[in-house]
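Asks: Each residue of the sequence shown is one higher than the last, beginning at 108 in the numbering used here. No residue lacks a Cβ here, since even glycine has one placed at the ideal position from N, Cα and C.
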Amino acid sequence: MKKIAIFVLSAMLLSACEFVVPYSITFTTQEGSIVNPDSDTLDLAINHEAYAYISRLQCDENDPVELLPVLKEDVSASKAHNLSLNLLADQVDGARCEVTVSAYDQTTTSSSHEEIFVFVREYPESEEPAVEEEEPAEEEEALDESAEEGQNAEDETTDDTEVGEETESEDDLPVESTAGEESGA
108 MKKIAIFVLS
118 AMLLSACEFV
128 VPYSITFTTQ
138 EGSIVNPDSD
148 TLDLAINHEA
158 YAYISRLQCD
168 ENDPVELLPV
178 LKEDVSASKA
188 HNLSLNLLAD
198 QVDGARCEVT
208 VSAYDQTTTS
218 SSHEEIFVFV
228 REYPESEEPA
238 VEEEEPAEEE
248 EALDESAEEG
258 QNAEDETTDD
268 TEVGEETESE
278 DDLPVESTAG
288 EESGA
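1) Please name the residue, chosen from Ala184, Ile141, Val172, that lies closest to Ile161 on a Cα-to-Cα basis.
2) Using the Cβ count rule (16 or more neighbours within 10 Å means buried), how would you classify Leu195?
3) Give the single residue among Glu168, Leu151, Asp212, Val208 whose Cα lies nearest to the Cα of Gly201.
4) Which residues in the same chain have their Cβ closer than 8 Å to the Cβ of Phe226, if we skip the five residues on either side of it in sequence?
5) What is the rounded straight-line gap between the Cα of Leu178 and the Cα of Thr148?
6) What would DSSP say about Lys179, mapped onto helix, strand or coil?
7) Check whether the Cβ atoms of Thr135 and Asp145 lie closer than 7 Å to each other.
8) Please look up how many angstroms separate the CB atoms of Ile113 and Ser219, rounded, as I've assumed it's under 8 Å.
9) Can you round the beta-carbon distance between Ala152 and Ala210 to whole angstroms, since I take them to be within the 8 Å contact cut?
10) Evaluate Val199 with the Cβ neighbour count: other Cβ atoms within 10 Å of its Cβ, from every protein chain shown; 16 or more gives buried, anything less gives exposed.
11) Does the separation of the CB atoms of Ser185 and Glu156 fall below 7 Å?
12) Hey, out of Met108, Leu164, Lys110, Lys109, whose CA is closest to Glu222's CA?
13) Quick one: using the 10 Å Cβ neighbour count with 16 as the cut-off for buried, is Leu174 buried or exposed?
14) If you draw a straight line from the alpha carbon of Asp170 to that of Thr214, how long is it in whole angstroms?
15) The beta strand (DSSP E) spanning Ser185 covers which residue range?
16) Between the alpha carbons of Ser217 and Glu232, how many angstroms are there, rounded?
17) Does DSSP classify Ala112 as helix, strand or coil?
18) Please report how far the alpha carbon of Asn154 lies from the alpha carbon of Phe224, in whole angstroms.
19) If Val208 and Leu192 are in contact, beta carbons under 8 Å, what's the gap, nearest whole angstrom?
20) To the nearest angstrom, how far is the alpha carbon of Val182 from that of Tyr130?
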């Protein structure tokens, strides 16, 4: 009976790796941003200390490149990572690259993958944010329309008074005074 209990306990401990919550990768580099592979890094944060590396790379219509982790002595598990983008150095300017980052640790089999896309050195012509010059023209038209409506409203008020209606001027209106003003003056 003890052997069965030890076997079951061992199996549960070894399978506990499957129940570990996977790492959550959050990129601090904005998705769709322009990166310079010579100087920029891919910045990310992980919810638990782990190792991180670029595991997959695909630019434009090129075949994807699968990468394996290389653990160096100077690399340590961390919650914040700045991954080098020198793998993108040979890409043409404006290339759209999808980068997959994997996080793992050596004590469990838990790992996580997250994907982000970036543009190399510049936006391609089709992806550049378009500056629409039509909006100011539409705003000018709206201002012109409101000015015309204001002018029409003024014309309507002057037409009403020209009909011959008598209006009281401010001098004809009775003036109310308070008792405090009369005694103070």
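Replies: Let me lay it out:
1) As a working note, residue 161 is residue 54 in the sequence shown. Out of Ala184, Ile141, Val172, Val172 has the C-alpha closest to the C-alpha of Ile161.
2) For the purposes of this step, residue 195 is taken as residue 88 along the sequence shown, with counting starting at 1. So Leu195 ends up on the buried side.
3) On the sequence shown, residue 201 is found 94 positions in, with the first residue counted as 1. The shortest C-alpha to C-alpha distance from Gly201 to any of Glu168, Leu151, Asp212, Val208 is the one to Glu168.
4) Mapped onto the sequence shown, residue 226 falls at position 119. Short of 8 Å from the beta carbon of Phe226, and not among the five residues preceding or following it, lie these beta carbons of its own chain, in chain order: Gly139, Ser140, Ile141, Val142, Gly201, Ala202, Arg203, Cys204, Glu234.
5) Numbered from its first residue, the sequence shown carries residue 178 at position 71. Numbered from its first residue, the sequence shown carries residue 148 at position 41. About 18 Å.
6) The count along the sequence shown starts at 1 and reaches residue 179 at position 72. DSSP, reduced to helix, strand and coil, places Lys179 outside both helices and strands of the structure shown, so it counts as coil.
7) Against the sequence shown, residue 135 aligns to sequence position 28. Against the sequence shown, residue 145 aligns to sequence position 38. Contact: no.
8) The residue you call residue 113 lines up with position 6 of the sequence shown. The residue you call residue 219 lines up with position 112 of the sequence shown. Ile113 to Ser219, Cβ: 32 Å. No contact.
9) To locate residue 152, count along the sequence shown from 1; it is residue 45. To locate residue 210, count along the sequence shown from 1; it is residue 103. Contact doesn't hold; Cβ gap of about 10 Å is too wide.
10) Counted from its first residue, the sequence shown places residue 199 at position 92. Its Cβ having fewer than 16 others within 10 Å, Val199 is exposed.
11) Within the sequence shown, residue 185 is the residue found at index 78, counting from 1. Within the sequence shown, residue 156 is the residue found at index 49, counting from 1. Yes. Within cutoff.
12) Within the sequence shown, residue 222 is the residue found at index 115, counting from 1. Among Met108, Leu164, Lys110, Lys109, the Cα nearest to that of Glu222 belongs to Leu164.
13) Residue mapping note: residue 174 aligns to position 67 of the sequence shown, counting from 1. It counts as exposed.
14) Reading the sequence shown from its first residue, position 63 is the one you call residue 170. Reading the sequence shown from its first residue, position 107 is the one you call residue 214. In this structure, the alpha-carbon of Asp170 lies about 33 Å from that of Thr214.
15) Residue numbering aside, residue 185 sits at position 78 when the sequence shown is read from its first letter. Annotation: the continuous beta strand (DSSP E) that includes Ser185 extends over 185-191.
16) Locating residue 217 in the sequence shown gives position 110, counting from the first residue. Locating residue 232 in the sequence shown gives position 125, counting from the first residue. Distance from the CA of Ser217 to the CA of Glu232, rounded to the nearest whole angstrom, comes to 41 Å.
17) Sequence index remark: in the sequence shown, residue 112 carries index 5 (1-based). Here Ala112 sits in helix by DSSP.
18) Within the sequence shown, numbered from 1, the residue matching residue 154 stands at position 47. Within the sequence shown, numbered from 1, the residue matching residue 224 stands at position 117. So the alpha carbons of these two residues sit roughly 21 Å apart.
19) Sequence index remark: in the sequence shown, residue 208 carries index 101 (1-based). Sequence index remark: in the sequence shown, residue 192 carries index 85 (1-based). About 11 Å separates the CB atoms of Val208 and Leu192; that is not less than 8 Å, and the two are not in contact.
20) Along the sequence shown, read from residue 1 onward, the residue named residue 182 stands at position 75. Along the sequence shown, read from residue 1 onward, the residue named residue 130 stands at position 23. About 18 Å.
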